[in-house]
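Residue numbers (the numbering used here): 2 to 593. Quick reminder that beta carbons are idealized off the backbone N, C-alpha and C, glycines included. Heads up, the thing below is written out as structure tokens.
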Amino acid sequence: MRQKASRSELIEVAQGRRPADLIIKNGTVINVYSGELLKQNVAVYQDSIAYVGERDVLSDEHTKIIDAEGMYVSPGFIEPHAHPWVIYNPVSMTRKVLPLGTTTTVNDNLFFYLHMGAAGFKKMVKDLKDLPGNFLWLVRLVSQANFKGEREWFNQKDVQELLELEEVVGTAEVTRWPLLYQADSFLLDTIEVAKQKGKVVDGHTAGCSYEKLISIAASGVSACHEAITAKEALDRLRLGMWTTLRNSSLRPDFPEVIKMITEGKVSTHRITMTTDGPHPGFIEKEGFVDGLIRRAVELGVPVINALQMATINAAVYLRLDDYIGGIAPGKLADILLLPDLKYFRPDIVISRGEVVAEQGNLLVSTPKLNWNQYVVREPFAFSKQLLDDLNLYRYPYSSTEQTVPVAYFKSNVITQRKDVKLPEAEGFADISGEEGLLYASLIDRNGKWVSKAILERFAVHLDGMASTYNTTTELLVIGRNPKAMAQAAKRVHELGGGIVIVDGEDIVVEIPLPFTGMMTDDSSFDQAVRYHDELLAAVQQRGFPFHDILYTLLFLTCDFLPGLRLIPFGLYDVKKNEMLLKAEPIKDQIAK
């Protein structure tokens, strides 16, 4: 990280030989280094803190003075594990969370890299330097679902070049953690490069037993946010990992994992917190990092510990505590003025010495980007007429077969296999008389292959739905009526990416996501909230029994969570590592 203010200038301000640009007087400074609350003044020069103490500081007619009587002066909050692609985009997310006090976000680059490659991603990172706040990155080493050509796309040269960028602070979570357990040479080599560069290695170890976790720690993983019990969190802490406690739209885990602190009384100095990419409606209702602190305190975590986890702890983990995470001379002036220590919603947000938000309103401009200038992959490389073939959506089946393997949704994202006997119609499974069963097809954006499944407990009365919002960003089509499925698929094709729901012959939901098929290109966070709320209401009205449709769509096409998965290679049983129905070339499918 770079600072505009020179060290000599900061010394001059501290000694009263140069006027400060900004002075915060009479506030109570939250000292996250010592754990104290101190009545002190804070002086800022350019983008950095020059003085913290009790005396008055030199000012002139250009100095902005803020009287913080009755308020708490806090470091800006840090989100160490963000996903800026949950319908919202980097700009719209920043516009929302910066006024809530999150002055630093560290962001996963997965879908940007998948669609831009290294060159496009580098250009976008450069253009996003104009965003207010500190917008930093973690780079993926592999995708969330294996696909043909994955290792060529995520090649060592490109990935390691991205680690050279100042804005890249480390490697992103390897969701397919068995690769680390198996000592995949590419991953281990790249992790070692990251460590030699002084960068962090984020982790993802969902469902990993303690014995297997030992190998993951040995692989070099620095942190993990996937604990869902206090014991799992403690296991990670004891193995030397930074333990990131999660409270998100998909996994509101705090009531359980926080017991590690409130009942276990462990030291919190290597514990941080994350929202882990919540859907827009969650942020609108619960907040962002401010909401994490608020919820932690409600559950019994001492205020100073909760604030430390969201500031200095995260900064130390990221190896950025020389710049951010606390109120001290020489640090960047990322400062919040909090009216209380109950809600943690700032009245004033200061980022790099500039007042950027007041009373929840953003005061500064954000860059206007043509997002698709960075993208090198075409949204769809085939004619939409290909999608008229209804056989693309039907599941192949012969009455001589005993059963069909059905993906039954146990929860938002976990499925289990159910073997179901179904009638046959012209070589395909007939689900017309089976309430709650839906066809699902994953169609290659290049029009080369299709993978198929039958789902249960996804929804009941869903005629047709199509979405590029999924781990693969291929075209995912779900429904009970192949004609409605085809109509939804064709409309998403016309949009260049998005989510569409069809009832009968009527389009009832249409959400354009032209940026990588995952994000709106609108800078308004409110638009993302409206899209999410409309989608969730529509699927719940049609029998979706869960609370987070976006993560259900996202993870249906991954290859690392338990149950049956619809991936580019076919219908996959994760537990048995078995392909139940291989993806079929579309030209062969149409020939039928």
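Considering Cα atoms alone, identify which of 253, 358, 250 and 217 is closest to residue 236.
For the purposes of this step, residue 236 is identified with residue 235 of the sequence shown, where counting begins at 1. That would be 217, whose Cα lies nearest to the Cα of residue 236.
Beta-carbon separation of residue 442 and residue 405 under 8 Å?
In the sequence shown, residue 442 corresponds to position 441, counting from 1. In the sequence shown, residue 405 corresponds to position 404, counting from 1. Going by C-beta atoms, residue 442 is not nearer than 8 Å to residue 405.
Please state the DSSP three-state secondary structure of residue 49.
Start at 1 with the first residue of the sequence shown, and residue 49 comes out as number 48. It is a strand residue.
Rank 494, 188 and 431 by C-alpha distance to the C-alpha of residue 480 and give the top, closest one.
Residue 480 sits at position 479 when you count from the first residue of the sequence shown. Checked all of 494, 188 and 431; the closest Cα to residue 480 is 431.
Give me whichever residues DSSP pairs with residue 78 in a beta bridge.
Here residue 78 refers to the residue found at position 77 of the sequence shown. Beta-bridge pairing links residue 78 to 103.
Would you say residue 311 and residue 294 are within 8 Å of each other, going by their C-beta atoms?
To locate residue 311, count along the sequence shown from 1; it is residue 310. To locate residue 294, count along the sequence shown from 1; it is residue 293. Yes.
Where residue 531 falls: helix, strand or coil (DSSP)
What you label residue 531 is simply residue 530 of the sequence shown in a count that begins at 1. It is helical.
Leaving out five residues before and five after residue 592 in sequence, what residues of the same chain have Cβ atoms less than 6 Å from its Cβ?
Counting from 1 along the sequence shown, the entry for residue 592 is found at position 591. Unreliable placement is indicated for residue 592, whose pLDDT of 49 sits below 50; the coordinate value is still reported in the next sentence. For residue 592, where only same-chain residues beyond five positions count, there are no Cβ hits under 6 Å.
Please report the straight-line C-alpha distance between residue 101 and residue 114, rounded to a whole angstrom.
In the sequence shown, the residue the question calls residue 101 occupies position 100. In the sequence shown, the residue the question calls residue 114 occupies position 113. When rounded, the distance between both Cα atoms is 28 Å.
For residue 238, the three-state DSSP class (helix, strand or coil):
In the sequence shown, counting from the first residue as 1, residue 238 sits at position 237. In the structure shown, residue 238 sits in a helix (DSSP, three-state: H, G or I).
What are the start and end residues of the alpha helix (DSSP H) that includes residue 306?
Residue 306 sits at position 305 when you count from the first residue of the sequence shown. That run of the alpha helix (DSSP H) goes 304–310.
Rounded separation between residue 301 and residue 583 - CA only:
Your numbering for residue 301 matches position 300 in the sequence shown. Your numbering for residue 583 matches position 582 in the sequence shown. Cα to Cα, residue 301 sits roughly 50 Å from residue 583.
Only counting runs of 3 or more residues, tell me where the beta strand (DSSP E) segments fall wholly within the region 119–169, in order along the chain.
135–140
Taking residue 24 and residue 60 to be in contact with their CB atoms under 8 Å, please state how far apart those CB atoms are, rounded to whole angstroms.
Here residue 24 refers to the residue found at position 23 of the sequence shown. Here residue 60 refers to the residue found at position 59 of the sequence shown. The Cβ separation is near 6 Å, so the contact holds.
Helix, strand or coil for residue 584? Go by DSSP, reduced to three states.
To locate residue 584, count along the sequence shown from 1; it is residue 583. Coil at residue 584, not helix or strand.
Taking the alpha helix (DSSP H) that residue 59 belongs to, which residues open and close that run?
Counting from one through the sequence shown, the residue named residue 59 turns up at place 58. Careful: residue 59 lies outside any alpha helix (DSSP H) and carries neither H nor E.
Kindly give me the distance between the Cβ atoms of residue 402 and residue 446, rounded to whole angstroms, as I take these residues to be in contact under 8 Å.
Taking the first residue of the sequence shown as 1, we reach residue 402 at position 401. Taking the first residue of the sequence shown as 1, we reach residue 446 at position 445. Actually they are not in contact, since the Cβ atoms of residue 402 and residue 446 sit about 30 Å apart, beyond 8 Å.
Tell me whether residue 139 is buried or exposed, calling it buried when 16 or more other Cβ atoms sit within 10 Å of its Cβ.
Here residue 139 refers to the residue found at position 138 of the sequence shown. Answer is buried; the Cβ neighbour count reaches 16.
At which residues does the alpha helix (DSSP H) containing residue 291 begin and terminate?
For the purposes of this step, residue 291 is taken as residue 290 along the sequence shown, with counting starting at 1. Unbroken alpha helix (DSSP H) run through residue 291: 290–299.
Scan the region 192–250 and note each continuous alpha helix (DSSP H) run of 4 residues or more that stays entirely inside, going in chain order.
211–219 and 231–239
If you run the structure through DSSP and keep just helix, strand and coil, what is residue 592?
Mapped onto the sequence shown, residue 592 falls at position 591. The predicted model places residue 592 with a pLDDT of 49, which falls under 50 and marks its position as unreliable; any figure quoted below should be read in that light. Helix, per DSSP.
In terms of alpha-carbon separation, which member of 121, 81 and 111 lies closest to residue 105?
For this step, residue 105 is matched to residue 104 along the sequence shown. Considering only alpha carbons, the answer is 81.
Contact belief for residue 280 with residue 87 at Cβ below 8 Å, rounded distance in angstroms
Taking the sequence shown and counting its residues from 1, one reaches residue 280 at position 279. Taking the sequence shown and counting its residues from 1, one reaches residue 87 at position 86. At roughly 6 Å, the Cβ-Cβ gap stays under 8 Å, so residue 280 and residue 87 are in contact.
If I follow the unbroken beta strand (DSSP E) through residue 418, where does it start and stop?
Your numbering for residue 418 matches position 417 in the sequence shown. Element bounds for residue 418: 416–421.
Nonlocal neighbours in the same chain, by C-beta distance under 7 Å from residue 51, ignoring five residues either side:
For the purposes of this step, residue 51 is identified with residue 50 of the sequence shown, where counting begins at 1. Only 11, 14, 15, 21, 44, 45 and 330 meet the Cβ criterion.
If contact is defined by three or more beta carbon pairs under 8 Å, each pair taking one atom from either stretch, is the region 411–425 in contact with the region 497–513?
no
Who are the near neighbours of residue 135 in its chain, counting only those whose CB is closer than 6 Å to its CB and skipping five residues on each side?
Within the sequence shown, numbered from 1, the residue matching residue 135 stands at position 134. If we look at residue 135 and ignore the five residues flanking it on each side, its Cβ neighbours are 105.
Which class does residue 173 belong to by DSSP, given the choice of helix, strand or coil?
Position 172 of the sequence shown, counted from the first residue, corresponds to residue 173. Note: residue 173 maps to coil in three-state DSSP.
Please report the residue range of the alpha helix (DSSP H) in which residue 93 lies.
Here residue 93 refers to the residue found at position 92 when the sequence shown is read from its first residue. Segment 91–98, the alpha helix (DSSP H) holding residue 93.
With contact counted as at least three CB pairs below 8 Å, one residue from each stretch, are the region 568–575 and the region 258–278 in contact?
no
For residue 561 and residue 257, what's the separation of their Cα atoms in angstroms?
Residue 561 sits at position 560 when you count from the first residue of the sequence shown. Residue 257 sits at position 256 when you count from the first residue of the sequence shown. Approximately 24 Å, taken between the alpha carbons.
Does the structure place the region 549–557 close enough to the region 238–254 that three or more beta carbon pairs sit under 8 Å?
yes
Contiguous alpha helix (DSSP H) assignments of at least 4 residues, all confined to the region 426–507:
483–496
Could you compute how far the alpha carbon of residue 224 sits from the alpha carbon of residue 199?
As a working mapping, residue 224 is identified with position 223 in the sequence shown. As a working mapping, residue 199 is identified with position 198 in the sequence shown. Rounded to whole angstroms, residue 224 to residue 199 spans 15 Å at the Cα level.
Could you tell me whether the Cβ atoms of residue 53 and residue 328 are closer together than 8 Å?
The residue labelled residue 53 in the question sits at position 52 within the sequence shown. The residue labelled residue 328 in the question sits at position 327 within the sequence shown. A contact, by the Cβ cut-off of 8 Å.
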